[in-house]
Amino acid sequence: MKVVALAGGVGGAKLADGLAEILPPDSLTIVVNTGDDFEHLGLHVSPDLDTVCYTLAGLANRATGWGRADESWRFLEALDALGGPTWFRLGDRDLALHHERTRRLAAGESLGDVTRDLAARMGVKIAVLPMTNDAVRTLVLTEEGEIPFQAYFVAMACEPRVRGFRFSGAETARPAPGVLEALAGADVIVMCPSNPWVSLDPILAVPGVRQAVGRGATVAVSPIVGGQALKGPAAKMFREMGIEPSARAVGTHFEGLIRGLVIDVEDAQQAPSIEAVGMRTLVTRTVMKGRRARRRLAEEVVLFGQQVAR
Ligand code: FO1
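So this is what it looks like as structure tokens:
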């Protein structure tokens with residue numbers, strides 16, 4: 031059985047980790063958002079690829095969800111003393127990854143090739159693919175103008191009111207080698223509980239990906255539980271886009287694309303209205319508070335995907 035998961039950010043990485051625990055390595059491919067990538071301090075930073083790889087490798091910082099565990103901050107402290115920009119926190123060990131990726135990209139390797147090799151060196155056994163090797167950059171359209179994603183997310187702490195999003199470069203981007211092949215060969219496609227607006231939509235904006243996802247047995251896991259985002263600004267974004275955040279709103283967002291939506295027990299009463307827009311629902315506990323919860327949710331999601339495939 032082949033499973034492809036689309037992921038971005040911390041929630042996506044957790045479910046990807048659960049899937050990696052229950053499936054043989056050659057059965058699973060994770061396609062990761064690179065719309066959050068940016069150049070910082072002269073380095074190519076790929077936050078979502080790194081969050082997924084660190085999580086799968088067991089190296090992730092559990093408190094933040096991003097960056098590495100057992101991190102030290104000597105570089106950042108020294109940079110601060112020199113008056114350099116420290117708003118985006120790069121730990122010493124994490125820095126080595128950005129440095130090595132940047133060096134190899136400058137030498138002409140693709141992001142996909144560099145990611146495959148660095149992930150393998152961290153001990154990751156499954157295929158982790160960037161959505162594209164081309165530069166696609168998420169821009170947040172706000173009342174204060176168009177803001178690059180990391181400036182909006184980290185420097186401005188998601189404060190400006192959102193009016194929309196733009197994925198600069200997406201129109202001409204090509205899916206990274208392996209992405210369309212994996213989607214076409216998938217028995218089940220899982221959209222992880224990642225932010226629909228800024229983690230999953232950029233992946234779907236890469237030409238050919240939305241169509242491939244729509245053709246598959248695709249199920250999504252709602253990142254909205256009880257009207258709140260489990261982490262990050264998804265609920266705030268829904269509200270500012272004029273939509274009441276709910277599991278149902280996530281279903282509507284992906285209407286016509288997914289065959290099933292996994293929602294939390296807390297939102298069980300929304301199941302009939304979600305099914306009314308033409309998708310099946312699975313009601314279960316979706317909050318992953320530990321390895322067992324990741325595993326159990328992964329098992330249920332794959333089973334649900336197999337059911338909607340029929
Ligand atoms: N998120 C923050 O809120 N503050 C940071 O200083 C920060 C640093 C950082 C460094 C490396 C990395 O891979 C991720 C980092 N993130 C940080 C998370 C990053 O902004 C991600 O794009 C978000 O988690 C959205 O997925």
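Per the working numbering, the very first residue in the sequence shown carries number 31; after that it's consecutive. Here a beta-carbon is modelled for each residue, glycine too, at the ideal position from N, C-alpha and C. Since we're looking at a predicted model, the values are computed, not measured.
Quickly, what does DSSP pair residue i with across the bridge? List them, please.
i: H56; result: Reading off the sequence, residue 56 comes out as Asp, not His. Bridge partners of D56: none, in fact.
i: M271; result: None, per the DSSP bridge assignment.
i: V251; result: V292
i: G194; result: L171
i: R310; result: G290
i: M186; result: DSSP, once it has assigned bridges, lists no residue as partnering M186.
i: T162; result: P205
i: E90; result: Residue identity check: residue 90 is Ala in the sequence provided, not Glu. A90 is bridged to R98.
i: E280; result: According to the sequence as given, residue 280 is Val; it is not Glu. DSSP lists no partner for V280.
i: Q258; result: V255
i: V62; result: A37, P160
i: F68; result: V75
i: P178; result: L169
Using 8 angstroms for Cβ pairs, my map puts residue i next to residue j. What's the rounded Cβ distance?
i: L358; j: R324; result: In the structure displayed, the chain extends from 31 to 340; residue 358 sits before or after that span and is not available.
i: H74; j: R131; result: 6 angstroms
i: E296; j: G335; result: Contact flag wrong, Cβ pair sits at about 22 angstroms.
i: V331; j: D217; result: Rounded, the Cβ-Cβ distance is 13 angstroms, inconsistent with contact.
i: D78; j: G142; result: About 14 angstroms; that fails the 8 angstroms criterion.
i: S140; j: V166; result: 14 angstroms between Cβ atoms; not a contact.
i: T394; j: F195; result: The shown model of the chain, from 31 to 340, leaves out residue 394, and the question about it has no answer.
CB-CB under 7 angstroms to residue i, same chain, minus the five flanking residues each way: which ones, in chain order?
i: L260; result: G41, P223, P253, V317
i: G149; result: At residue 149 the sequence reads Ala, which differs from the Gly that was named. Here the set comprises C83, V158.
i: R269; result: P275
i: V154; result: C83, L86, A87
i: L135; result: H74, L141, V144
i: A99; result: L89, A90, N91, R92
Compute the minimum distance between the beta carbon of residue i and the heavy atoms of the ligand NAD, and state whether it is under 8 angstroms.
i: F179; result: Of the ligands one can find in the structure shown, namely the ligand FO1, none is the ligand NAD.
If you reduce the DSSP assignment to three classes, tell me which class residue i lands in.
i: A265; result: helix
i: A149; result: helix
i: E173; result: coil
i: A35; result: strand
i: P77; result: helix
i: I156; result: coil
i: P237; result: coil
i: V338; result: helix
i: P223; result: coil
i: V218; result: strand
i: L112; result: coil
i: G320; result: coil
i: G138; result: coil
i: G121; result: coil
i: E305; result: helix
i: R315; result: coil
i: G48; result: helix
Indicate whether at least one CB of chain C lies closer than 9 angstroms to the CB of residue i.
i: S303; result: Although the question refers to chain C, the structure presented lacks it and comprises just one protein chain.
What residues in its chain sit with their C-beta under 6 angstroms from that of residue i, if we drop five residues either side in the sequence?
i: A43; result: T81, V82, T85
i: I177; result: V170
i: M341; result: Summary: the structure shown does not reach residue 341, with the chain confined to residues 31 through 340, and so no result is reported for it.
i: F284; result: A250
i: E174; result: P190
i: S303; result: R278
Can you list, in chain order, the residues of its chain whose CB lies under 8 angstroms from that of residue i, leaving out five sequence neighbours each side?
i: A301; result: I293, T311, V313
i: Y182; result: V170, T172, C188, P190
Quiz item: Is there contact here, the region 82-98 with the region 183-201, by at least three beta-carbon pairs under 8 angstroms?
Solution: No, they do not touch.
Quiz prompt | At least 3 beta-carbon pairs within less than 8 angstroms: the region 199-216 vs the region 54-66 | solution = Three or more beta-carbon pairs drawn from the region 199-216 and the region 54-66 are found closer than 8 angstroms, and the two stretches are therefore classed as touching.
Exercise. Mind the definition here: the region 211-221 touches the region 93-112 only if three or more C-beta pairs lie below 8 angstroms; say whether that holds.
Key: No, the region 211-221 is not in contact with the region 93-112.
Quiz item: Would the region 286-293 and the region 236-254 be scored as touching if the rule is three or more Cβ pairs under 8 angstroms?
Solution: Flag = yes, the region 286-293 and the region 236-254 touch.
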